[in-house]
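One structure below.
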Amino acid sequence: MRPTGRMHIGNYFGALANWVRLQNELLPDASQEPAYQCFYFIADWHSLTSDYAETSGIAQNVIEIATDYLAGGLDPEKHPNCTIFQQSLVPEHAELHLLLSMVAPLGWLERVPTYKEALENIKDKDLHNYGFLGYPVLQCGDIVMYGEPGAPLWVPVGEDQVSHVEISREIVRSFNSYYGLEVDEDLFRKIENAKVLKRLRELSPQLKAVETPDPAEINQLVLTYKVLFKRHIAEVGLRNFREKVGQDGSFFRSVAVLEEPGVMLTKTPRIPGLDGRKMSKSYGNAITLSESDADIRAKTKVMMTDPARKRRTDPGNPDVCPVYDWHKLFSTRETLEWAAHGCRTAGIGCIECKAKMADHLIEWISPVRERRVELERHPARVLEVIDEGSKRARKVAQATMERVREAIFGWEKKRKEIAGAAGSAKA
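Counting in my numbering, the sequence shown runs from 84 upward without gaps.
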């Protein structure tokens, strides 16, 4: 969650409610062990992608978001499988972002739906910068940092966020193709494999265009082919490549350096903003989790309703009314039926319908707000949660980056070679 202000009810139902459920879920056996190791972070670096010009509020907003996490039900003390941390306190995220950006084509980033949507809707900020365009790469690093090759890595999202995870999957496939793929040099060096190489060269114009050099330049030829094959596999995907080449794929061995994330589709009820658009702090159409009763009533009183209902005596359609969507979340079944019937028959007016919904919203939000007020009295405790969680997260991140660095640079392998050679020389 980006620290751009206090969380709103759309954030709660779109994300936080599911996070709490995952935190609490146990394995379906007698062990009573948690089903998931959960990492929930405050994305202060992400907030810079759109708010780089004014950063004075980020520190306070980090505390506000952490307070909302805790007030909304996340509890690292009670549930050690839940880690709350601050992105910038785990600098390995920046390093992984840098390395992933090397294998993320610009075209992938430019086609992300939310990128175009934000450019069209947010006019008061200049979003034409690499940070905003490249945020999916940073987001990919945020996700895969806490995965382990061979173990499922799930990202809980609603359907509108699936594209974000999909681009992360593509970036990971590309990364693994370059740094987790070994090409058997016998494919190029042994004459008996010439027919196999000839078939494989047909896969792309770049491979086909490689000219056979002088035998003395075979080492350069091998390097050229390796790069081109890795590039081709990064573009088409390893699975597609293996399906196409069949047994010829035996010359290519792959190891997953980073785990490809999977989508965990969660139930995210529709909760439009006060103006009918998607609820967003930047649109100014949200109700925060700390909103006062008076502000809730004032804001909901001017909520958008069925645009076709012009007069009090006109029947309306609750299925296209944002107020009715909110009734579904906060009101009792009895009130829900009252609102639907009254709207369709013009038995009630919109003002009356909004007031009733506001009553139920206030009833729902009061316990969350009370917990938040208590946490606000002890900001040092909130900071302690952030700091302790960030330390825990960094231990995992450091292990991931050791694996990533070795896959790219091979420093540990080189050190062992040098140490071995030095030992032999002494002997």
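Even glycine gets a Cβ: it sits at the ideal position worked out from N, Cα and C. All values derive from a computational prediction rather than experimental measurement.
Legend entry - At least 3 beta-carbon pairs within less than 8 angstroms: the region 346-353 vs the region 231-251: With the cut-off at 8 angstroms, the region 346-353 and the region 231-251 touch.
Inset, instruction - Just tell me which of E500, G97, V451, K499 has its CA closest to the CA of D243. - result: Within the sequence shown, numbered from 1, the residue matching residue 243 stands at position 160. That would be G97, whose Cα lies nearest to the Cα of D243.
Legend entry - Distance, L182 Cα to L357 Cα: Walking along the sequence shown from the start, residue 357 turns up at place 274. Walking along the sequence shown from the start, residue 182 turns up at place 99. Separation of L357 and L182 (C-alpha to C-alpha, rounded to the nearest whole angstrom) is 41 angstroms.
Legend entry - Terminal residues of the beta strand (DSSP E) in which F124 lies: Locating residue 124 in the sequence shown gives position 41, counting from the first residue. Going by DSSP, F124 is part of the beta strand (DSSP E) stretching over 121-125.
Legend entry - Contained alpha helix (DSSP H) runs [length at least 4] in the region 229-272, N- to C-terminal order: For secondary structure counted as the alpha helix (DSSP H) over 4 or more consecutive residues, the region 229-272 holds these complete runs in sequence order: 245-262, 269-272.
Legend entry - DSSP state of C404 mapped onto helix, strand, coil: The residue given as residue 404 occupies position 321 in the sequence shown. In the structure shown, C404 sits in coil (DSSP, three-state: anything other than H, G, I, E or B).
Inset, instruction - Along the alpha helix (DSSP H) that carries M347, what are the first and last residues, could you check? - result: Sequence index remark: in the sequence shown, residue 347 carries index 264 (1-based). Where M347 is concerned, there is no enclosing alpha helix (DSSP H), although the beta strand (DSSP E) it sits in stretches over 345-348.
Inset, instruction - Measuring alpha carbon to alpha carbon, tell me which of K208, E253, D209 ends up nearest P219. - result: Working through the sequence shown from its first residue, we reach residue 219 at position 136. That would be E253, whose Cα lies nearest to the Cα of P219.
Legend entry - Same chain, Cβ closer than 6 angstroms to E326, neighbours up to 5 away in sequence not counted: In the sequence shown, residue 326 corresponds to position 243, counting from 1. None.
Legend entry - Closest residue to D151 among I501, K393, V451 (Cα-Cα distance): Residue 151 sits at position 68 when you count from the first residue of the sequence shown. Comparing C-alpha distances from D151 to each of I501, K393, V451 shows the shortest one belongs to V451.
Inset, instruction - Can you check the region 264-338 for any beta strand (DSSP E) of at least 3 residues that lies completely inside it and give the ranges in chain order? - result: Runs found: 264-266, 335-337.
Legend entry - Contact check, E265 vs E342, beta carbons under 8 angstroms: Position 182 of the sequence shown, counted from the start, is the residue given in the question as residue 265. Position 259 of the sequence shown, counted from the start, is the residue given in the question as residue 342. In this structure, the beta-carbon distance from E265 to E342 does not fall below 8 angstroms.
Inset, instruction - Spatial neighbours of L109 within its chain, please: CB distance less than 7 angstroms, with the 5 preceding and 5 following residues excluded, ordered by chain position. - result: As a working note, residue 109 is residue 26 in the sequence shown. Excluding residues within five positions, the ones whose Cβ falls inside 7 angstroms are Q115, E116, P117, A118.
Legend entry - Helix, strand or coil at T197 [DSSP, three-state]: In the sequence shown, the residue the question calls residue 197 occupies position 114. Secondary structure at T197: helix, using DSSP grouped into helix, strand and coil.
Legend entry - Own chain residues within Cβ distance below 7 angstroms of H410, not counting five before or after: Reading the sequence shown from its first residue, position 327 is the one you call residue 410. Within its own chain, the residues whose Cβ lies closer than 7 angstroms to the Cβ of H410, once the five positions on either side in sequence are excluded, are T418, L419, A422, M440, listed in chain order.
Legend entry - Contact belief for V255 with V227 at Cβ below 8 angstroms, rounded distance in angstroms: Numbered from 1 along the sequence shown, position 172 holds the residue referred to as residue 255. Numbered from 1 along the sequence shown, position 144 holds the residue referred to as residue 227. Between V255 and V227 the beta-carbon gap is near 6 angstroms, inside 8 angstroms, which marks them as a contact.
Legend entry - Three-state secondary structure (DSSP) of L109: Position 26 of the sequence shown, counted from the start, is the residue given in the question as residue 109. Strand.
Inset, instruction - Return the CA-CA distance between Q330 and V195, expressed in angstroms with no decimal places. - result: Residue numbering aside, residue 330 sits at position 247 when the sequence shown is read from its first letter. Residue numbering aside, residue 195 sits at position 112 when the sequence shown is read from its first letter. When rounded, the separation of the alpha-carbon atoms in Q330 and V195 is 36 angstroms.
Legend entry - Span separating the alpha-carbon of V310 from that of Q303: Stepping through the sequence shown from its first residue, residue 310 is reached at position 227. Stepping through the sequence shown from its first residue, residue 303 is reached at position 220. For V310 and Q303, the distance between alpha carbons rounds to 11 angstroms.
Inset, instruction - May I ask which residues mark the beginning and end of the beta strand (DSSP E) holding I148? - result: Residue 148 sits at position 65 when you count from the first residue of the sequence shown. In the DSSP assignment, I148 falls outside any beta strand (DSSP E) and within the unbroken alpha helix (DSSP H) covering 141-154.
Legend entry - Check whether N259 and V328 have beta carbons under 8 angstroms apart: Mapped onto the sequence shown, residue 259 falls at position 176. Mapped onto the sequence shown, residue 328 falls at position 245. No. Outside cutoff.
Inset, instruction - Buried or exposed for K437, please, with buried defined as at least 16 other CB atoms from any protein chain shown within 10 angstroms of its CB. - result: For the purposes of this step, residue 437 is identified with residue 354 of the sequence shown, where counting begins at 1. Looking at its Cβ environment, which holds 16 or more other Cβ atoms inside 10 Å, K437 is buried.
Inset, instruction - Kindly list the residues whose CB is nearer than 7 angstroms to the CB of Y262, restricted to its own chain and excluding five residues on each side of it in sequence; keep chain order. - result: By 1-based counting over the sequence shown, the position of residue 262 is 179. If you ignore the 5 residues before and after Y262, its C-beta comes within less than 7 angstroms of the C-beta of V340, A490, I491, all in its own chain and listed in chain order.
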